[in-house]
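Below is one structure, written out as structure tokens; the observations come after it.
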Amino acid sequence: MPSTPNFAPEIPMPKPLLELSELSIGFTTGHRSIRPVHDVCLSIYPGQTVALVGESGCGKSVTALSILRLIPSPPGHVLGGRVLFEGRDLLALSEREMQQVRGKDIAMIFQEPMTSLNPVFTIGEQIVEAVTLHQHVGRNEAYAIAEKSMRDVGIADPHRRLLDYPHQLSGGMRQRVMIAMALSCQPKLLIADEPTTALDVTIQAQILELLRSLQQERGMSILLITHDLGVVAENADVAAVMYASRIVEHANVGELFENPQHPYTQGLFRAVPRLGVKASRLVAIPGTVPNPGRFPPGCKFHPRCALAASRASAAGAVQGVEVATDTGTVCVPKQCHATEPDLRETSREHWAACHYVAGYAKATATVPRSASQRATEVPLPVIPMAMGEGGAP
Amino acid sequence: MLTYIIRRLLLMFPTLLGMTIVTFSVMAMSPGGMTAIIANREGAVDPRYRKAIHDYYQKKYGLDKPLAVQYLMWLNGVSPLGVKDAGAGWPVSWRVGFKLPDLGESIQTHQPVLDMVEASLPITLLLNIVTLPLVVVLSIWSGVQAARKRGGLADIGGGMVLLGLWSIPQIWAGVMLVGYLGNREILHWFPSAGLHDVQADQFSFLPTLWFAGGLHFDRGWLLDTAWHLVLPVVCLTYAAFAFTSKLTRGAMLENIAADYIRTARAKGLPEGLVLYRHVLRNGLLPLITSFSTLLPSLIGGSIIVENIFALPGMGRLGVVAVFDKDPQMVMSLTLVASVLTLISLLLTDIAYAMADPRVSFEAAPS
Amino acid sequence: MTVPAGTISPTNLGIADAAPPRNYWRQVFHDTFAPTAARLGVAWIGVVAVLGIFAPLLANTHPILAKIEGHVVSPMLQNVTVPDVALLALTAWTIVCLVRRCSPSRLMLGALIVVPVAVLAALLLTHPPDVVDYTQYREMRRQGKIQWELMAPIPYSPYDFQRDIPDAELNAPSRYHWLGTDALGGDLLSRMIHACRIDLAIGLIATGIAVVIGIAIGGLMGYFAGWVDLLGMRLIEMFESIPQLFLLITFVAFFGANLYLIMAIIGLTSWTGEARFIRAEFLRLRRQDFVQAAISQGLPLSSVLFRHMLPNGIYPILITSSFGIASAILLESTLSFLGIGLSRDPSWGGMLNQALSAGGTFVWWIALFPGLAIFLTVFGYNLVGEAMRDALDPKLRT
Numbered sequence: 003m004p005s006t007p008n009f010a011p012e013i014p015m016p017k018p019l020l021e022l023s024e025l026s027i028g029f030t031t032g033h034r035s036i037r038p039v040h041d042v043c044l045s046i047y048p049g050q051t052v053a054l055v056g057e058s059g060c061g062k063s064v065t066a067l068s069i070l071r072l073i074p075s076p077p078g079h080v081l082g083g084r085v086l087f088e089g090r091d092l093l094a095l096s097e098r099e100m101q102q103v104r105g106k107d108i109a110m111i112f113q114e115p116m117t118s119l120n121p122v123f124t125i126g127e128q129i130v131e132a133v134t135l136h137q138h139v140g141r142n143e144a145y146a147i148a149e150k151s152m153r154d155v156g157i158a159d160p161h162r163r164l165l166d167y168p169h170q171l172s173g174g175m176r177q178r179v180m181i182a183m184a185l186s187c188q189p190k191l192l193i194a195d196e197p198t199t200a201l202d203v204t205i206q207a208q209i210l211e212l213l214r215s216l217q218q219e220r221g222m223s224i225l226l227i228t229h230d231l232g233v234v235a236e237n238a239d240v241a242a243v244m245y246a247s248r249i250v251e252h253a254n255v256g257e258l259f260e261n262p263q264h265p266y267t268q269g270l271f272r273a274v275p276r277l278g279v280k281a282s283r284l285v286a287i288p289g290t291v292p293n294p295g296r297f298p299p300g301c302k303f304h305p306r307c308a309l310a311a312s313r314a315s316a317a318g319a320v321q322g323v324e325v326a327t328d329t330g331t332v333c334v335p336k337q338c339h340a341t342e343p344d345l346r347e348t349s350r351e352h353w354a355a356c357h358y359v360a361g362y363a364k365a366t367a368t369v370p371r372s373a374s375q376r377a378t379e380v381p382l383p384v385i386p387m388a389m390g391e392g393g394a395p
Numbered sequence: 013m014l015t016y017i018i019r020r021l022l023l024m025f026p027t028l029l030g031m032t033i034v035t036f037s038v039m040a041m042s043p044g045g046m047t048a049i050i051a052n053r054e055g056a057v058d059p060r061y062r063k064a065i066h067d068y069y070q071k072k073y074g075l076d077k078p079l080a081v082q083y084l085m086w087l088n089g090v091s092p093l094g095v096k097d098a099g100a101g102w103p104v105s106w107r108v109g110f111k112l113p114d115l116g117e118s119i120q121t122h123q124p125v126l127d128m129v130e131a132s133l134p135i136t137l138l139l140n141i142v143t144l145p146l147v148v149v150l151s152i153w154s155g156v157q158a159a160r161k162r163g164g165l166a167d168i169g170g171g172m173v174l175l176g177l178w179s180i181p182q183i184w185a186g187v188m189l190v191g192y193l194g195n196r197e198i199l200h201w202f203p204s205a206g207l208h209d210v211q212a213d214q215f216s217f218l219p220t221l222w223f224a225g226g227l228h229f230d231r232g233w234l235l236d237t238a239w240h241l242v243l244p245v246v247c248l249t250y251a252a253f254a255f256t257s258k259l260t261r262g263a264m265l266e267n268i269a270a271d272y273i274r275t276a277r278a279k280g281l282p283e284g285l286v287l288y289r290h291v292l293r294n295g296l297l298p299l300i301t302s303f304s305t306l307l308p309s310l311i312g313g314s315i316i317v318e319n320i321f322a323l324p325g326m327g328r329l330g331v332v333a334v335f336d337k338d339p340q341m342v343m344s345l346t347l348v349a350s351v352l353t354l355i356s357l358l359l360t361d362i363a364y365a366m367a368d369p370r371v372s373f374e375a376a377p378s
Numbered sequence: 021m022t023v024p025a026g027t028i029s030p031t032n033l034g035i036a037d038a039a040p041p042r043n044y045w046r047q048v049f050h051d052t053f054a055p056t057a058a059r060l061g062v063a064w065i066g067v068v069a070v071l072g073i074f075a076p077l078l079a080n081t082h083p084i085l086a087k088i089e090g091h092v093v094s095p096m097l098q099n100v101t102v103p104d105v106a107l108l109a110l111t112a113w114t115i116v117c118l119v120r121r122c123s124p125s126r127l128m129l130g131a132l133i134v135v136p137v138a139v140l141a142a143l144l145l146t147h148p149p150d151v152v153d154y155t156q157y158r159e160m161r162r163q164g165k166i167q168w169e170l171m172a173p174i175p176y177s178p179y180d181f182q183r184d185i186p187d188a189e190l191n192a193p194s195r196y197h198w199l200g201t202d203a204l205g206g207d208l209l210s211r212m213i214h215a216c217r218i219d220l221a222i223g224l225i226a227t228g229i230a231v232v233i234g235i236a237i238g239g240l241m242g243y244f245a246g247w248v249d250l251l252g253m254r255l256i257e258m259f260e261s262i263p264q265l266f267l268l269i270t271f272v273a274f275f276g277a278n279l280y281l282i283m284a285i286i287g288l289t290s291w292t293g294e295a296r297f298i299r300a301e302f303l304r305l306r307r308q309d310f311v312q313a314a315i316s317q318g319l320p321l322s323s324v325l326f327r328h329m330l331p332n333g334i335y336p337i338l339i340t341s342s343f344g345i346a347s348a349i350l351l352e353s354t355l356s357f358l359g360i361g362l363s364r365d366p367s368w369g370g371m372l373n374q375a376l377s378a379g380g381t382f383v384w385w386i387a388l389f390p391g392l393a394i395f396l397t398v399f400g401y402n403l404v405g406e407a408m409r410d411a412l413d414p415k416l417r418t
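Chains as they are written, first to last, in the numbering used here: chain V, 3 to 395; chain A, 13 to 378; chain U, 21 to 418.
What follows is the structure, encoded as structure tokens:
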């Protein structure tokens, strides 16, 4: 529920380009239902890159697909919330109106470039299809636009390439074609669902560099979905961490890397190996991501939470609750097991969803909104070496 | 493209040769073998001439020579290219060149089999050429319907109905169709036999409609032939349709869940375009592949249909030949049918290569 | 607060929780016969099998037991034929084994002993005449010589053409002939019951031959790969490109039409499907570790092929066999229908032939019933095959 933020902004906030407000998506097959996206709140401003970070199975792809309403309607359906794009609720549009938005105002690129292009049509035909659909130009002009698009993404000899078939290109090239196709109609928002996961590391760097430069040229916003913290560090302005269908932390990237508040985020950072540090083992978060059909009650992270375990032992077993985990039982505070924490602004432009984060008890739940964009020359944030316990209770 | 065709042709050559070996082996393995052929011919002949005839065939088929040589001699006779007598074929004066294949003679009519094949082949071809596009169109329609309404009752029931349709024996379908729809006593909607009306020679080609003391409608030759073809084509089509439709439906359903369809939707394409342009194009590929199984069975199925509906095609000729105890004609017909199948398989390969750009024209498909 | 236990969901979401799996093949078997359609298919096949096995007891002009002129005789037993005895003995032995839960090898060994013994006994003890006089019983009944008799439910044999009854040909279904009579005067129902045996036998034996040839060729191709595979593929292409029906009529033209010959011929032309399957399975299996292990232990080739690799490929073979039996029955019916298959032995296809040609008019009962029998049997096998295929690979469901 949006309400006035706790912390007065210094400058009047511009309006967000895209705002997800308590979005929930459910899947029903037969008589069973699951809820892979639960009350997700997110904002993206013009020209901003927002990263949606999380492990596989946390619901980030479903969130992205539901922005464009690409979830097949049986078995998926919207359980609640709104998707506001430039003030309009996309969920309330008719299918025809939605088709006007797709490809033109909001474009999407996917994880698997190998299978995301139709093998029986040429590259040119596929890009031109998008162009003629949204821009009402003649065929020749459409091909010219397609060629320019391909040149913009750095494909050499675009004129010849238009006549190639997808199977004649490498993975990196195909992803560039996907980007060219997505950008050919000048969208305001690009949703990139793990665009580099299936590519080699060197190609990864090229593609991300390409996206950054295109964004700057056009003032486009990007919703970058990834599980790679390195990608977040290099490319994103704002990051939202997702776990088991919920957003658990949302902050500007610099702030997040300097001061991760939610124990899950802290766990993620602890698990990243560091150059120059001698260690015999990586510190992994114990346990596994829960199956959407079997989410634990209360805070979804509590069976694996180091913070919960330490709080319970500090307070004594009397106030705790025994919880079964994959590795045995652990004692956690009653609150973690009973109440699911919502996303609250615990410090300035930093939201977290955890009972034991500093400032949580007094914070209010608001829709996370941060218009920050990093300056072009900002140095990469340094991941801190030692992690503390995340503040006083 | 040309190299692709040539490559396919070359690959077909061993298959063709193998077919001739298989056909020849049937004859060679049979009780009596090659001599059975001449024995039949001898039986109908005056005893005075029997020895001469016997010697003639002996020499012609090389019956005193080893089996391999017999095969080669027979192959040479049947092939349009080979050793020939000077004075016939092309080039005329050479001993080796193109010649008319000698498929033997019919026992009943003493007509060269080649002539009989020439007369009956067009009818078999007509039947199949009308059936094939019908099957394709119906399958595509059925496939798109399945993709549109996936999971509904039509989808699940459809699979069972198609299986049932495929299980209907062609002989039963033909008999029931003729019995109920071609019967003077029940519903004489369609003719029960033949390809043309008795008076077809007198028909004009196109249907005519004129007014002279009352409204007259003359069918015309074209419409008359079409009318005669309805029941046989239905009989051939339903089973083929059931087979290809199952495949097409499966392909469409698979395609509709593909990643590139998600991309197409993300571009903002309306659902109709997604279905009819993207899904369909990919769904055509397994359909074309299925032709390699379908076409031999269509040509074989012509035997049944031609017999029930008394169409004078190759299939009818074959069965009559069996009754007449003319095995050589049956063998020649099988050979012709096999060649026909091979040609249609070649055309299928070319069609597939044109439809699927992933098939390189240089490499031979597996 | 928790969402109820979940299940199948699209690709990147959670996995379904399942009960601990049973033995894999048991599960597949169970899945095959779960849908109603498959059960109906098997039920009909069972009906046909039962009718075929017990045919002499169900449709026979000879009384099963009768007291004629003071003597109690069993004309049925006196006129029993070798196939009758063999089938009944085999069935009896199978039932005994099932009741006592013997192993399959015991069943087969026992069958090899029991059946020849029964056949021998039948040959020694019965003296069926060469030409059977079916009219004698009706004659004797008229003369009152029969005190009592126990008849089969359908008191006509398939070859009883009712020569003593005028106008017996082409009678519509009535109280006496439940499905009518055919062009020669034979009772249609009786002929259809006896045809069950023939059609099933052809289906099973022809497919059996096809499976054996297919496994042999396909197995060698799959195991050795290389040039053996290339050669084999050319062979398969050859056989697949010649339209099967044409090849069949060529065979019949040269060899003549005879029940056993037809079975063999159909088998000889239908093996390519099985060969392809086994080839694909073996090509896949030969890379796997357990095969490499068997070879490195020095096991002989036949052992590797048959004891290690083949059992994995059995289920797909069963699937093609089911469809193969359906196709064999169709082929035999077609040949008989065209008049170049079985002529004397009753066969559904042969009966269908008379529907149009006999008498010049359309004889609806001869068209409907035999055709329906062929259709139901073929449909039954296809249903079972389809169910097996769906059970083995749910992704193939259409």
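The beta carbon of each residue, even a glycine, is placed where N, CA and C say it ideally should be.
Quick caveat, the model's predicted, so the values are computed rather than measured.
Residue i (DSSP reduced to helix, strand or coil)
| i | result |
| --- | --- |
| Glu342 of chain V | coil |
| Trp153 of chain A | helix |
| Asn254 of chain V | strand |
| Lys415 of chain U | Its pLDDT being 46, under 50, Lys415 of chain U is placed unreliably in this model, and the value from its coordinates should be taken loosely. Reduced to three states, the DSSP call for Lys415 of chain U is helix. |
| Pro41 of chain U | For Pro41 of chain U, the predicted structure reports a pLDDT of 47, less than 50, and the residue's modelled location is therefore unreliable. A value from the coordinates is still provided. Pro41 of chain U falls in the coil class under three-state DSSP. |
| Leu192 of chain V | strand |
| Met13 of chain A | coil |
| Ser123 of chain U | coil |
Counted within 10 angstroms of its Cβ, other Cβ atoms place residue i as buried (16 or more) or exposed
| i | result |
| --- | --- |
| Pro41 of chain U | For Pro41 of chain U, the predicted model reports a pLDDT of 47, less than 50, meaning its position is unreliable; a value from the coordinates is still stated below. By the 10 Å Cβ count, Pro41 of chain U comes out exposed. |
| Glu196 of chain V | buried |
| Trp353 of chain V | buried |
| Ser151 of chain V | buried |
9 Å Cβ cut-off: residues of chain A touching residue i
| i | result |
| --- | --- |
| Phe112 of chain V | Asp271, Arg274, Thr275, Ala278 |
| Thr65 of chain V | Per Cβ cutoff of 9 Å: no residues; Thr65 of chain V is ~15 Å from chain A at best. |
| Pro48 of chain V | Here the premise fails: no neighbours, minimum Cβ distance about 21 Å. |
Neighbour list for residue i in chain U, Cβ cutoff strictly below 9 Å
| i | result |
| --- | --- |
| Val342 of chain A | Phe266, Ile269, Thr270, Val272, Ala273, Phe274 |
Where the alpha helix (DSSP H) through residue i begins and ends
| i | result |
| --- | --- |
| Ile167 of chain U | With the sequence shown as reference, residue 167 of chain U is identified as Gln, and Ile is not the correct amino acid for it. Taken as a continuous stretch (DSSP letters only), Gln167 of chain U belongs to no alpha helix (DSSP H), being part of the beta strand (DSSP E) at 166-170. |
| Asp236 of chain A | 232-268 |
| Lys364 of chain V | No alpha helix (DSSP H) holds Lys364 of chain V; DSSP gives it neither H nor E. |
Name the residues in the stretch 72-102 of chain V whose C-beta lies less than 9 Å from a C-beta of chain A; which are they? Near chain A, meaning a CB-to-CB distance below 9 Å, the residues of the stretch 72-102 of chain V are Leu72, Pro74, Pro76, Glu97, Arg98, Met100, Gln101, Gln102.
What residues in the stretch 137-171 of chain V bring their beta carbon closer than 7 Å to a beta carbon of chain A? Within the stretch 137-171 of chain V, Tyr167, His169 place their CB atoms closer than 7 Å to a CB of chain A, listed in sequence order.
Chain V contacts made by the stretch 276-301 of chain A, where a contact means CB separation under 9 Å: Legend: CB atoms of the stretch 276-301 of chain A lying less than 9 Å from CB atoms of chain V belong to residues Ala276, Arg277, Ala278, Lys279, Gly280, Leu281, Pro282, Glu283, Leu285, Arg289, His290, Arg293, Asn294, Leu296, Leu297.
Please list the residues of the stretch 249-270 of chain A that have a C-beta atom closer than 8 Å to any C-beta atom in chain U, keeping them in chain order. Lys258, Arg261, Gly262, Leu265
Taking a cut of 8 Å between CB atoms, which residues from the stretch 184-201 of chain U lie near chain A? none
Quick one: which residues of the stretch 347-369 of chain A get their C-beta closer than 8 Å to a C-beta of chain V? List them in chain order. Residues of the stretch 347-369 of chain A that bring their beta carbon within less than 8 Å of a beta carbon in chain V comprise Ala367, Asp368, Pro369, in sequence order.
Using a Cβ cut-off of 7 Å, which residues of the stretch 119-130 of chain V contact any Cβ in chain A, in chain order? Leu119, Asn120, Pro121, Val122
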